[in-house]
Every structure is written in structure tokens, then in C-alpha cells.
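Each residue of the sequence shown is one higher than the one before, counting from 3 in our numbering.
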Amino acid sequence: MNISYLTKSRRDFLSSLIVGCGVAASGLGVAPAWAQDRYLDVRRGADFKPIPIAVTPFAGDAAAAGQVSGIITNNFKRSVFITPIDPKTFVATIDNPDVAPQMDGWRAVNAQFVLTGRAARNPDGRLQTEFRLWDVTTGAQVAGQQYVTDPNNSRRVAHIISDAIFTRITGEGGFFDTRIVFVDETGPKERRRKRLAIMDQDGANVRYLTRGDDLVVTPRFSPSSQDVTYMSFGASDPKVLLLNIETGQREVVGNFPGMTFAPRFSPDGQKIVMSLAQGSASNLFTMDVRSRTTTRLSDSTAIDTSPSYSPDGTQIAFESDRGGAQQIYVMSSSGGSPRRISFGEGRYSTPVWSPKGDYIAFTKQKGGTFAIGVMRPDGSGERILTEGYHNEGPTWAPNGLYLMFFRDPGGEGGPKIFMVDVFGRAEFPVPTPAFGSDPAWSPLLN
Numbered sequence: 003m004n005i006s007y008l009t010k011s012r013r014d015f016l017s018s019l020i021v022g023c024g025v026a027a028s029g030l031g032v033a034p035a036w037a038q039d040r041y042l043d044v045r046r047g048a049d050f051k052p053i054p055i056a057v058t059p060f061a062g063d064a065a066a067a068g069q070v071s072g073i074i075t076n077n078f079k080r081s082v083f084i085t086p087i088d089p090k091t092f093v094a095t096i097d098n099p100d101v102a103p104q105m106d107g108w109r110a111v112n113a114q115f116v117l118t119g120r121a122a123r124n125p126d127g128r129l130q131t132e133f134r135l136w137d138v139t140t141g142a143q144v145a146g147q148q149y150v151t152d153p154n155n156s157r158r159v160a161h162i163i164s165d166a167i168f169t170r171i172t173g174e175g176g177f178f179d180t181r182i183v184f185v186d187e188t189g190p191k192e193r194r195r196k197r198l199a200i201m202d203q204d205g206a207n208v209r210y211l212t213r214g215d216d217l218v219v220t221p222r223f224s225p226s227s228q229d230v231t232y233m234s235f236g237a238s239d240p241k242v243l244l245l246n247i248e249t250g251q252r253e254v255v256g257n258f259p260g261m262t263f264a265p266r267f268s269p270d271g272q273k274i275v276m277s278l279a280q281g282s283a284s285n286l287f288t289m290d291v292r293s294r295t296t297t298r299l300s301d302s303t304a305i306d307t308s309p310s311y312s313p314d315g316t317q318i319a320f321e322s323d324r325g326g327a328q329q330i331y332v333m334s335s336s337g338g339s340p341r342r343i344s345f346g347e348g349r350y351s352t353p354v355w356s357p358k359g360d361y362i363a364f365t366k367q368k369g370g371t372f373a374i375g376v377m378r379p380d381g382s383g384e385r386i387l388t389e390g391y392h393n394e395g396p397t398w399a400p401n402g403l404y405l406m407f408f409r410d411p412g413g414e415g416g417p418k419i420f421m422v423d424v425f426g427r428a429e430f431p432v433p434t435p436a437f438g439s440d441p442a443w444s445p446l447l448n
């Protein structure tokens, strides 16, 4: 089994895994071509049965082992595609996590996989965590890895293990080792204090990035760095700011007269696209992050806003009322004539392109109902994932299989963040300390 020393950088961490993905019980290497051996093809559509897995109690230090296996179990509960089996139904036990389990007992509870592992402190104080994934049908170990790291990284190790297992089973990229930047809202509705905050994708490790002196909205992650762009409204004109979430360094990248909306990075992180109000109209502009050069993309008397790049950077989806009501349009990222792609009943807004490029997510308002849905980039295949009052602001997981959004019930309540899969099979609340809005999903940590 390979030993990897986990650092802050996933890039450094993954580079240490080149020699292999694990070792079978016999000592033979496990082939790394996971996507070719997937057990569940999640891209075939919503007609699938989740894969049942038995996450057994990890051996080792009780506190560390319990935390790691508990986080993995909770991750799978929210994964939709993998279902952890209730431990109360287990009819078999694991005496040694390094030895192949006796599969008859696991077949009795309909497990397709068994996860074993341990987490314990080494003499030098570092935490050593390891896992083995066993295929109940064949009895073979199909994945395994060992990590040695600072004990403070135990949560992240659990997320990385979850990603490794998710990828082994589905052939898709993981999403557990990610973070969410959002707007934390506290206080009475008429005097809300709004702070920029960041947390793990499961709601843990909340950290505040601004103090709440100014109103902040629409945070967005850079796809290529640990930077976030967002809007800040203080005593002066609205500002587009760039914040490094590791160092806390912030800088103004644009300070425009009039109102500015919805800044978002290009896929290479070199540009920011935004909407700038000029009189009664609002048009789209790009700004080069380095040179601060601004280029106008649209020129209309309508309100064009909420721009979002396609993953290859060649196109931009945005919302506009140029046809009389809010609809979604797509145009070249260098400007030009846009084409409308939304034609259903109601008003469409907040388009966001999937990281896979296969869908555009949106908010749809019809009467008093607000729905979160997806459609293909040509407007076909529209599918509503969830609806209610007042859903808004979809953001994609890096693997394109999940969305987060926020829901504001109105009245004296406040917004809460939720997660839904791309097929609309399940919806889960994402815990935040108070009210939460405007979530933005990070890439896999790097």
C-alpha cells in the first residue's frame, strides 16, 4: 500500500500517487484505470439504482477513526449514487481491516462493497489513515490507499477517501474535497448583516472572510486559483473585489459609476465578465484581471446580466429582457449576436454553465413558484429539479452532477442553502450558522 504525505496542496498530494492506486490483499497492484471499470454509469440518466456500501467502523484511535468513518458515511448519504447501509443491520464484523472480509455476511445485507480501514497516531504524532474497498461479488480489493498527515487534516483525508471511492464506483470525478463560499446573513430582515464566509461542502469549518461593514453579494470562485470575486456595496459606488481566501489579501478590480452586477471568472481565470448598468440599460463587459482592460460585449437598450462562460471559454450564457421578459441567451464570448435558448412558460434567470458543458442551470419563475432546472446549451431537454418559494442562485459541483442553491421562504425567516443532484432525485439542506445565500462551489481543492 502506498504511503502519501498529505499537504495543503491536492496537486502535491496527488503527484505522490503516480506509482499506483493501491495494493490488493495478495500484494499485487490494483490497476488505476478506474473509469473503465465503473460499477455505475451515472450519465445514463435518472433510471439507476444506488450502489449499497457497508462502511465498517475504522480500527485505531477511537476518536480519529470514528471521525473519519463518520464523515465518509455522511458524505455517501448525500451522494445519491452511493448508499451507506445502516450499521444496525450488519451481521458480520471486521476483526482485521487488512484481511479480506468474509463476504457471506455482507451479501446477507445486500452490500455490493465493503469499506474497511484504520486511523491512528504514529509515534511522531502524525495521523496515519488507510482504507481498503472490497467488491462483495468477487471478494477482491478494488481500491486502497494510505495517508500520513497532520492530525488537523483528518476531515480532509475523509473527504479525499470519499472522492477516491466515488470515482472508483462511478468513474466520475469527486466533489467532497471542495469548499463553498457564501453570504452569511444575520440580524432582523430589515437590517441584515451580510458577511462573506467559506465552509466545507458539508457545512463544516465555517470561516468568515469579511466583517460585515459593507453589503456583499454574488461571490464566485476562480477556477484556477484560491481567489474569489464578489460585489461590495458601501458608502461609495459598488465595487468588484478580488479576495485571496488563503492570504486574506483583497484588491479592487473595478470601481464603476452606476450599478455593477454578477461578476464571474472565465475558465482560465484571466478575465472577469460582469454586467454594468448605464442609464436604463445594462450590458455585458469583460475585464482582464491583470491589465484591468475592459471590453464591451453587448450593446442594447435591454437589461443583460448574469453572464456565465462555457467550460471551453468560447461562449457566454446570460439573461436578458430584450424580448420583453427575462429569458436565457447564448452568444460568443467575444460578443456578437445572441440567440435565445429558453422558450418555456415563465421567466428564466441566473444561467450557469455546467463544468462538463452538457447543461446550463437556471432559475425559472412562473406565478409564485421559483424552480431550479437544467437545459442543454441549445435549449432542449429542459428539466426541473426542484421548485417552491423562492429558489435562486444555482451553482455547480466541479463534477457537474450536483447543484447548490438558496431558498428564501419570505416573512421573518431567511434564506437557507440546499443541494440537489442533476436528476432531481434527492434534495438536502446544507447547514450554515445562520441564514445563508449566494453559494458558489469551488473546484476540487488544489
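Each residue gets a CB set at the ideal place from its N, CA and C atoms; glycine is no exception.
Practice item. Classify P86 as buried or exposed, calling it buried when 16 or more other Cβ atoms lie within 10 Å of its own Cβ. Key: buried
Exercise for review: Determine the contact status of T188 and G214, defining contact as a CB-CB distance below 9 Å.
Suggested key: yes
Review point. In whole angstroms, what separates the C-alpha of T434 from that of L211?
Key: If I take the Cα positions, the gap works out to 15 Å.
Practice item. Sort A319, G175, I73 by Cα distance to S336 and report the nearest one. Key: A319
**Study point:** Counted within 10 angstroms of its Cβ, other Cβ atoms place N124 as buried (16 or more) or exposed
**Key:** exposed
Exercise for review: Buried or exposed for S455, please, with buried defined as at least 16 other CB atoms from any protein chain shown within 10 angstroms of its CB.
Suggested key: Examination of residue 455 is not possible in this model, given that the chain is present from 3 through 448 alone.
Check your understanding: If you draw a straight line from the alpha carbon of R409 to that of D290, how long is it in whole angstroms?
Key -> 33 Å
**Study point:** With 16 other Cβ atoms within 10 Å as the buried cut-off, status of G326
**Key:** G326 is exposed by the Cβ-count criterion.
Check your understanding: Start and end of the alpha helix (DSSP H) containing Q69?
Key -> 64 to 79
Point to revise | Sheet register partners of Y210 (DSSP bridge) | key: A199
Exercise for review: Give me the Cα-Cα distance between T307 and M276, rounded to the nearest whole angstrom.
Suggested key: 7 Å
Review point. DSSP three-state call for F452: helix, strand or coil?
Key: In the structure as shown, the chain begins at 3 and stops at 448. Residue 452 is therefore absent and cannot be evaluated.
Practice item. Apply the 10 Å Cβ neighbour rule to Y391 and answer buried if 16 or more other Cβ atoms are within range, or exposed otherwise. Key: exposed
**Study point:** Option nearest Q203 by Cα separation, candidates N154, G47, G176
**Key:** G176
**Study point:** Spatial distance of F364 from T91 (CA atoms)
**Key:** 41 Å
**Study point:** First through last residue of the alpha helix (DSSP H) which encompasses A166
**Key:** 156 to 172
Exercise for review: Return the residue from the list S344, G62, S224 that minimises the CA-CA distance to G383.
Suggested key: Comparing Cα-Cα distances from G383 to each of S344, G62, S224, the minimum goes to S344.
Check your understanding: Are the stretch 149 to 160 and the stretch 406 to 424 touching by the rule of at least three beta carbon pairs closer than 8 Å?
Key -> In short, these stretches do not touch, since the Cβ pair count stays below three.
Point to revise | Boundaries (first-last residue) of the beta strand (DSSP E) holding R298 | key: 296 to 298
Practice item. State the DSSP-derived secondary structure class of T58, mapped to helix, strand or coil. Key: coil
Review point. In whole angstroms, what is the alpha-carbon distance linking I74 and A160?
Key: If I take the Cα positions, the gap works out to 6 Å.
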